[in-house]
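All remarks here apply to the structure that follows.
Residue numbers (UniProt numbering): 1 to 70.
Rendered as structure tokens:
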């Protein structure tokens, strides 16, 4: 069974020329934790998503995979 992709943190980090290590340092989390979020093995809390969005200066919705069908 494949992993459900819920967030786009890795993509948004790349788009903003940031690394997972920089994000981990900013949030006070381990690089391992941020790596698990980036690969969708785990998901950050809503509060943490909000902090990530503020750090990257993006709308929080950009960090989530859309559920809208086209």
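Just so you know, even glycine gets a beta-carbon here, dropped at the ideal spot from N, CA and C.
Contact check for residue 27 and residue 49: beta-carbon distance about 11 Å, past the 8 Å limit, so the pair fails to qualify.
Spatial neighbours of residue 38 in its own chain (CB-CB distance under 6 Å, excluding positions within 5 residues in sequence) are listed in chain order as 9, 10, 20.
Where residue 8 is concerned, there is no enclosing alpha helix (DSSP H), because DSSP gives it neither an H nor an E. In this structure residue 17 is exposed. Its beta-carbon is surrounded by fewer than 16 other beta-carbon atoms within 10 angstroms.
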